[in-house]
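Undergrad: If you scroll down you'll find the structure; I have some questions about it.
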Amino acid sequence: MKANEVPQDDSILEGRRRACYALDAQGRYVVVASRGWEVERIVNEHAREALRVELEAVRLRVLAGKASALAYHMTACQMDCRLLAANTGLSRFRVRRHLRPKVFAHLTHATLERYAHAFGLSVAELTRLPGVAV
Amino acid sequence: MSVPRAFPHRHSGHCETGTLGALLRDRGLDLPEPLWFGMGSGLFFLHTGLLKVGGLPVTAYRVAPLAIVRTATRRLGIRMRYERFRDAGAATRRLEELLSQGLAVGLQTCVYWLPYFPSTMRFQFNGHNLVAFARDDAGYWLSDTVFEEVVHCAPEALARARFARGAFAPRGLLYYPEAIPDDPDIEGAIRAGIRSTCRQVLDIPLLPVGVRGIRALGRDIGRWPARLGVDRARAQVAQIVRMQEEIGTGGAGFRFLFAAFLAEAGLRLDLPGLQDLSREMTAIGDEWRQFALVGAHICKGTRTDAGAYQELAAFLVGLAGREEGLFRALRAAI
């Protein structure tokens, strides 16, 4: 790739630029700052769309009373039971149980705080969906 | 906000080589990024469904996180110190202690928790390297070399990023050079770097790695739509292209960075033949970019014909052959 061919598409970098290696007019490698490439925007959006679809499905399950708010926040932070268990020090079995609304409703404040900390939320935010009144 | 001390930040293609280069530049050893990449034998290829990230097969265009740092410094005789921690409090205290001594420190972090990243790029990934070089009342000054300028980061966010769990959990890892030889053997490290890159690309048996891995993926990918369904096939293609272009690779999954290394190595070892190989590596990188372009068309839905996957397959098989030829010639040249 030549320096003048480095793509400068408005991409996923939100105004920042990444360093690309490309050849200058003398055929030497130089670092060229790139605003982004259409290709990376397309594949990035593909991946994020999958996350959005999954999160919306979980949100509807929470609203229907089939899953706890914990399930929503776990998905929103791109975590699964395994990763959330590792981040809280709880067992995977317990995390999975806490995805059930009835079990989640009876958790102690200490356990809720561990979850809230893992997500970077307050306990109040943890126990409901964003944008839903208590 | 003013930066408390000058730090030789330089915009880099890849976080790990950028971080390593910046740490040593700060200590007086200033080498270009491609050299670190080559001396650390960073180039690789791996694609396997036996390991998964986010439910998708793992694809890697380079060696495991921190392997480049460990390998390159070992070859130059630089003594590094690595420290991991049990809890975030101890990790923070140690970082502050080192910064107050005026040292710059390499950190392993999780991208998801770094607030200065574009929101589009904040995924759960634990292998991101950066330099912390100063502390002020509001937080840390970081040289994150995939960005153009130094950045400022709140203490809570950095602590969280250093203590994220999961695959490649950093466990607060910090590292810095302890002793740097006066006259490091750069030429020797370049030769060793090239030899072991050739080995890991050409010689590893049985596993889907190196040129064998590229070829195996090429044989497999044409069957994905039929075997996995269109959605799943697309998701896997998107993941491959993301690993190649979205995370910091300098373009074409580190192939341009390696081409730059070959050019630099040719000058330092006085081997003009490496310039030809550098040009061939550039051409290979350009072909990887075309592969990515077709992949993007598939993901976007502008290519829905079965021929698109056959095209990807042909690219990969061709690339495997070209890379094999290049590394055989490189081995003979060194």
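Those protein sequences? They're chains D and A, same order as listed. FYI, the numbering for the first sequence is 120 to 253, going by the working numbering. FYI, the numbering for the second sequence is 35 to 368, going by the working numbering. Note that beta-carbon positions come from the ideal geometry of N, C-alpha and C, so glycine has one too.
Is the shortest distance between the beta-carbon of Ala317(A) and the beta-carbons of chain D less than 7 Å?
TA: As a working note, residue 317(A) is residue 283 in the second sequence. Not an interface residue.
Undergrad: Provide the residue(s) that pair with Asn163(A) in DSSP beta bridges, ordered along the chain.
TA: For the purposes of this step, residue 163(A) is taken as residue 129 along the second sequence, with counting starting at 1. Per the DSSP secondary-structure output, Asn163(A) pairs in a beta bridge with Gln142(A).
Undergrad: What residues from chain A crowd round Ala169(D), counting only those whose CB sits closer than 7 Å?
TA: To locate residue 169(D), count along the first sequence from 1; it is residue 50. Those within 7 Å of Ala169(D) in chain A are Ala269.
Undergrad: Looking only at DSSP bridge pairs, what is Gly173(A) linked to?
TA: One-based indexing of the second sequence puts residue 173(A) at position 139. Asp170(A).
Undergrad: Is the separation between the beta-carbon of Ala138(A) and that of Asp64(A) shorter than 7 Å?
TA: The sequence position of residue 138(A) within the second sequence is 104, counting from 1. The sequence position of residue 64(A) within the second sequence is 30, counting from 1. The answer is no: Cβ separation not under 7 Å.
Undergrad: Relative to the C-alpha of Pro149(A), which candidate in Cys333(A), Ala195(A), Arg289(A), Gly88(A) has its C-alpha closest?
TA: For this step, residue 149(A) is matched to residue 115 along the second sequence. Nearest of Cys333(A), Ala195(A), Arg289(A), Gly88(A) to Pro149(A), Cα basis: Ala195(A).
Undergrad: Cβ of Trp175(A) within 7 Å of Cβ of Val37(A)?
TA: Reading the second sequence from its first residue, position 141 is the one you call residue 175(A). Reading the second sequence from its first residue, position 3 is the one you call residue 37(A). The answer is yes: Cβ separation under 7 Å.
Undergrad: Considering Arg78(A), what are the terminal residues of the beta strand (DSSP E) in which it resides?
TA: Position 44 of the second sequence, counted from the first residue, corresponds to residue 78(A). The sequence given here has Phe at residue 78(A), not Arg. First-last of the beta strand (DSSP E) with Phe78(A): 77-87.
Undergrad: Say whether chain D places a C-beta atom closer than 7 Å to the C-beta of Arg249(A).
TA: Walking along the second sequence from the start, residue 249(A) turns up at place 215. Not an interface residue.
Undergrad: Any contact of the stretch 153-163 of chain D with the stretch 47-60 of chain A, i.e. 3+ C-beta pairs under 8 Å?
TA: no
Undergrad: Taking the alpha-carbon positions, what's the Val328(A) to Gly287(A) distance?
TA: Position 294 of the second sequence, counted from the first residue, corresponds to residue 328(A). Position 253 of the second sequence, counted from the first residue, corresponds to residue 287(A). Whole-angstrom Cα-Cα distance: 15 Å.
Undergrad: Buried or exposed, going by whether 16 or more other CB atoms sit within 10 Å of the CB of Glu168(D)?
TA: As a first step, residue 168(D) must be located in the first sequence, where it is residue number 49. It is exposed - the Cβ of Glu168(D) has fewer than 16 other Cβ atoms within 10 Å.
Undergrad: Just checking: is the beta-carbon of Ala193(A) within a distance shorter than 7 Å of some beta-carbon in chain D?
TA: As a first step, residue 193(A) must be located in the second sequence, where it is residue number 159. Put simply, the CB of Ala193(A) is far from chain D, with every gap to its CB atoms at 7 Å or more.
Undergrad: Between the stretch 326-340 of chain A and the stretch 182-199 of chain D, can you find at least three pairs of beta-carbon atoms closer than 8 Å?
TA: These segments do not touch.
Undergrad: Go ahead and label Pro306(A) buried or exposed: buried means 16 or more other beta carbons lie within 10 angstroms of its beta carbon, across all protein chains shown.
TA: Within the second sequence, residue 306(A) is the residue found at index 272, counting from 1. In the assembly as shown, Pro306(A) is an exposed residue. Its beta-carbon has fewer than 16 other beta-carbons within 10 Å.
Undergrad: When the Cβ atoms of the stretch 211-225 of chain A are set against those of the stretch 159-169 of chain A, are three or more pairs found closer than 8 Å?
TA: no
Undergrad: Under 7 Å between C-beta atoms, does Gln127(D) make it to chain A?
TA: Translated into positions along the first sequence, residue 127(D) becomes position 8. Closer than 7 Å: no.
Undergrad: Can you list, in chain order, the residues of its chain with a C-beta nearer than 7 Å to that of Phe157(A)? Leave out the 5 residues immediately preceding and following it.
TA: Against the second sequence, residue 157(A) aligns to sequence position 123. Non-local C-beta neighbours of Phe157(A) in its own chain, meaning closer than 7 Å and more than five positions away in sequence, comprise Val145, Tyr146, ordered along the chain.
Undergrad: Determine which residues share a DSSP beta bridge with Ser130(D) and list them.
TA: By one-based count along the first sequence, residue 130(D) stands at place 11. Paired residue(s): none; Ser130(D) is not in a bridge.
Undergrad: Any beta carbon of chain D sitting closer than 7 Å to that of Leu296(A)?
TA: The residue given as residue 296(A) occupies position 262 in the second sequence. Leu296(A) does not count as touching chain D.
Undergrad: So, under 8 Å CB-CB, Pro68(A) and Phe361(A) are touching, yes? Tell me the CB distance rounded to an integer number of Å.
TA: In the second sequence, counting from the first residue as 1, residue 68(A) sits at position 34. In the second sequence, counting from the first residue as 1, residue 361(A) sits at position 327. Contact doesn't hold; Cβ gap of about 17 Å is too wide.
Undergrad: At 7 Å on the CB atoms, spell out the chain D contacts of Phe181(A), in chain order.
TA: Your numbering for residue 181(A) matches position 147 in the second sequence. Those within 7 Å of Phe181(A) in chain D are Arg135.
Undergrad: Rounded to whole angstroms, what is the Cα-Cα separation between Ala166(D) and Trp322(A)?
TA: Taking the first sequence and counting its residues from 1, the one referred to as residue 166(D) is at position 47. Taking the second sequence and counting its residues from 1, the one referred to as residue 322(A) is at position 288. Their backbone Cα atoms lie some 20 Å apart in a straight line.
Undergrad: Are the beta-carbon atoms of Ala235(D) and Asn206(D) separated by less than 7 Å?
TA: Start at 1 with the first residue of the first sequence, and residue 235(D) comes out as number 116. Start at 1 with the first residue of the first sequence, and residue 206(D) comes out as number 87. No, Cβ-Cβ distance for Ala235(D) and Asn206(D) is not below 7 Å.
Undergrad: At a CB distance below 8 Å, what residues from the stretch 272-291 of chain A approach chain D? Give them in sequence order.
TA: Ala272, Gln273, Val275, Arg276, Glu279, Glu280, Gly282, Gly284, Gly285, Ala286, Phe290, Leu291
Undergrad: Of all Cβ atoms in chain B, is any one closer than 7 Å to the Cβ of Gln142(A)?
TA: You won't find chain B in this structure, because its protein chains are D and A.
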